[in-house]
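Just so we're aligned, residue 2 is where the sequence shown starts under my numbering, counting upward by one.
First comes the structure, then the notes that go with it.
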Amino acid sequence: MERASYDVVILGSGCGGISAAAMAVNSGYRTLLVERQSFLGGRCSSVYYKDFIIPTGAPWLGDDGPLAKLARETGGNWEIRCPEPPQMFNIDGKDEAMPAKGGLMHIMSKAAGSEEEARKVMNAMRRALTWEEPSPLMSIWDWLHQYTSNPGIEMVFEWTAMHGTHLWEWPVSDFFKFFIVNMPFRRFGFAPHGAIALMKSLGEAIEAKGGDIWKNCPATRIKVEGGTATGVVVERDGELVEVEAKAVISNVGPKGTVTLAGRESFDSSYLREVTESYRPIATTIVWFESKKPYHEYPGWYNVVKDGKLRPVFHMTNLCPELAPPGKHLLSGGYRPDSCALPYDASKGVEMAIWDARNFFPDFDKNCKLLLAQTFWKDWPVQRSWPGYSLRTHKTPVEMLYNVGDGVLPEGWSGTHACVEDSRRVMEDLAMRLKPAAAEAKSQA
Ligand SMILES: Cc1cc2nc3c(=O)[nH]c(=O)nc-3n(C[C@H](O)[C@H](O)[C@H](O)COP(=O)(O)OP(=O)(O)OC[C@H]3O[C@@H](n4cnc5c(N)ncnc54)[C@H](O)[C@@H]3O)c2cc1C
2 MERASYDVVI LGSGCGGISA AAMAVNSGYR TLLVERQSFL GGRCSSVYYK DFIIPTGAPW
62 LGDDGPLAKL ARETGGNWEI RCPEPPQMFN IDGKDEAMPA KGGLMHIMSK AAGSEEEARK
122 VMNAMRRALT WEEPSPLMSI WDWLHQYTSN PGIEMVFEWT AMHGTHLWEW PVSDFFKFFI
182 VNMPFRRFGF APHGAIALMK SLGEAIEAKG GDIWKNCPAT RIKVEGGTAT GVVVERDGEL
242 VEVEAKAVIS NVGPKGTVTL AGRESFDSSY LREVTESYRP IATTIVWFES KKPYHEYPGW
302 YNVVKDGKLR PVFHMTNLCP ELAPPGKHLL SGGYRPDSCA LPYDASKGVE MAIWDARNFF
362 PDFDKNCKLL LAQTFWKDWP VQRSWPGYSL RTHKTPVEML YNVGDGVLPE GWSGTHACVE
422 DSRRVMEDLA MRLKPAAAEA KSQA
């Protein structure tokens with residue numbers, strides 16, 4: 002068997018893995034990033050399909066968030082086009098731009114049809130954010146219904162709770178932490194050449210700093226000796242390669258980490274937590290090529306119609322590069338009524354197409370189905386519902402860490418959470434492991 006040796010080996014190049022790799026090379030560790038797919042970025046990347054560039058997951062990315070900052074610091078090119086105004090609503094046929102200041106109050110009053118009702122909820126929110134945190138045993142739904150049962154306000158809360166879980170599935174305490182965590186991040190938009198271009202550029206920056214990246218290389222085993230991770234076994238060009246490492250960072254999800262390292266390496270309480278926190282959020286997205294955009298607004302357009310909130314992402318209004326000339330990308334979606342039940346993928350596709358056909362005007366004249374994507378199991382919206390995830394990045398195996406959206410820090414979610422995971426892991430690693438070059442220097 003071929004052999005290689007590094008300070009740190011990272012399994013998986015999703016936001017969690019690639020940010021851990023960037024931080025590791027920036028800290029001077031000899032770093033290897035291993036990815037089973039032919040492309041980097043996992044669920045924050047893109048596929049090329051019939052001359053369109055379609056997201057593998059996250060379409061709405063931060064321009065001032067932790068991943069943008071890390072990518073630029075590492076030397077990658079992080080280009081996001083942000084729409085103006087940042088978000089737009091259409092409430093019962095009338096467009097309402099969301100102002101940068103006082104935006105939530107404005108949208109809530111319009112959706113509720115009552116400023117007084119919106120103010121009541123805003124006051125309760127202010128108290129929850131600045132004075133008394135609501136109980137973690139209460140869902141957003143329970144908390145909200147103490148103050149209002151206005152359907153317009155419920156709709157606005159559905160929009161703020163954009164992770165795919167429902168208001169009754171997300172603990173309200175985690176929801177308010179999410180508000181606090183996300184307050185500093187203001188600029189969001191789309192990547193003009195797809196997230197794949199951002200990830201490719203970050204990968205090149207990691208390599209320019211001396212890190213190695215192996216694509217098309219699934220890890221088949223995490224090696225554990227005497228309770229400590231000592232490396233991994235990876236399949237490369239049809240051969241197995243044994244990679245020795247002082248630390249292993251897994252981005253394949255806590256369940257995948259346990260499978261790769263073997264259940265016998267973990268204690269039973271940890272195994273139970275992994276099982277209980279594994280709550281993949283399911284959804285279906287259907288992409289249509291269209292002769293026309295739905296609306297001229299170039300960003301995230303929230304249409305409230307017939308008692309339903311529909312997000313319409315106008316990516317090609319802002320980034321025509323994502324489609325062949327003269328064509329537009331429209332998307333539709335289906336979310337199950339409960340995230341707790343098994344997902345019926347074929348029903349998801351059927352419902353999403355049915356809904357789009359009824360929602361987009363002149364659908365049959367203008368639109369053609371391009372691609373239907375089901376997100377679930379090992380490619381979900383998130384590996385865990387917010388508030389129910391594993392809270393620790395360390396595992397019972399020494400020098401084996403998890404990063405990614407199966408280990409969400411409180412209040413964090415999506416791509417931002419994955420970078421925060423890596424930051425916490427690197428902070429811990431810095432106390433335990435000197436980069437090989439620094440070690441050699443101190444011994445000389
Ligand atoms: C439809 C959808 C919409 C979303 N919208 C947004 C949004 O707008 N904004 C936002 O911030 N977040 C959004 N999210 C959430 C966000 O995409 C995820 O939380 C984030 O990308 C997860 O990254 P990760 O690093 O945890 O995992 P992943 O991206 O899943 O990365 C894991 C990687 O590990 C690799 N891998 C697995 N097994 C192995 C193995 N044995 N060996 C080597 N490699 C392996 C996989 O191929 C993959 O590349 C969305 C997600 C979906 C699905």
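For each residue, glycine too, the CB sits at the ideal point set by N, CA and C.
This structure is a prediction, so every number in the text was calculated from the model and none was measured.
Nearest to residue i by CA position, among the options, is which residue?
i, options, result
"residue 440", "62, 213, 340, 28", "28"
"residue 74", "35, 167, 5, 209", "209"
"residue 386", "176, 98, 36", "176"
"residue 297", "70, 372, 145, 96", "96"
"residue 292", "36, 6, 225, 362", "362"
"residue 2", "311, 333, 242, 164", "242"
"residue 99", "24, 187, 46, 152", "187"
"residue 280", "312, 254, 258", "254"
"residue 276", "263, 259, 33", "259"
"residue 364", "393, 377, 344, 330", "330"
"residue 328", "161, 317, 115", "317"
"residue 414", "5, 131, 67", "67"
"residue 262", "222, 202, 104, 239", "222"
"residue 192", "59, 351, 154", "59"
"residue 214", "7, 437, 426, 436", "7"
"residue 412", "164, 178, 431", "178"
"residue 203", "9, 21, 427", "21"
"residue 4", "164, 437, 240", "240"
"residue 227", "432, 399, 127", "399"
For residue i, is the beta carbon positioned less than 6 Å from some heavy atom of ligand 1?
i, result
"residue 252", "yes"
"residue 14", "yes"
"residue 143", "no"
"residue 45", "yes"
"residue 180", "no"
"residue 88", "no"
"residue 189", "no"
"residue 410", "no"
"residue 61", "yes"
"residue 405", "yes"
"residue 147", "no"
"residue 170", "no"
"residue 37", "yes"
"residue 232", "no"
"residue 340", "no"
"residue 373", "no"
"residue 416", "yes"
"residue 244", "no"
"residue 382", "yes"
"residue 83", "no"
"residue 376", "yes"
Give a yes or no on whether the C-beta atoms belonging to residue i and residue j are separated by under 7 Å.
i, j, result
"residue 77", "residue 206", "yes"
"residue 395", "residue 402", "yes"
"residue 397", "residue 267", "yes"
"residue 250", "residue 11", "yes"
"residue 357", "residue 375", "no"
"residue 194", "residue 36", "no"
"residue 282", "residue 408", "no"
"residue 418", "residue 406", "yes"
"residue 252", "residue 48", "no"
"residue 303", "residue 40", "no"
"residue 290", "residue 371", "yes"
"residue 32", "residue 23", "no"
"residue 81", "residue 64", "yes"
"residue 446", "residue 379", "Outside the displayed range of the chain (2 to 445) lies residue 446, so it cannot be described from this structure."
"residue 184", "residue 112", "no"
"residue 79", "residue 189", "no"
"residue 34", "residue 247", "no"
"residue 174", "residue 133", "no"
"residue 416", "residue 45", "yes"
"residue 287", "residue 349", "no"
"residue 285", "residue 196", "no"
"residue 294", "residue 52", "no"
"residue 168", "residue 141", "yes"
"residue 71", "residue 426", "no"
"residue 109", "residue 181", "no"
"residue 30", "residue 436", "yes"
"residue 200", "residue 42", "yes"
"residue 310", "residue 160", "yes"
Beta carbon of residue i: closer than 6 Å to some heavy atom of ligand 3?
i, result
"residue 123", "Absent from the structure shown: ligand 3. Ligands present: ligand 1."
### Query
At a cut of 8 Å, does the stretch 211 to 231 reach the stretch 118 to 129 through at least three beta carbon pairs?
no
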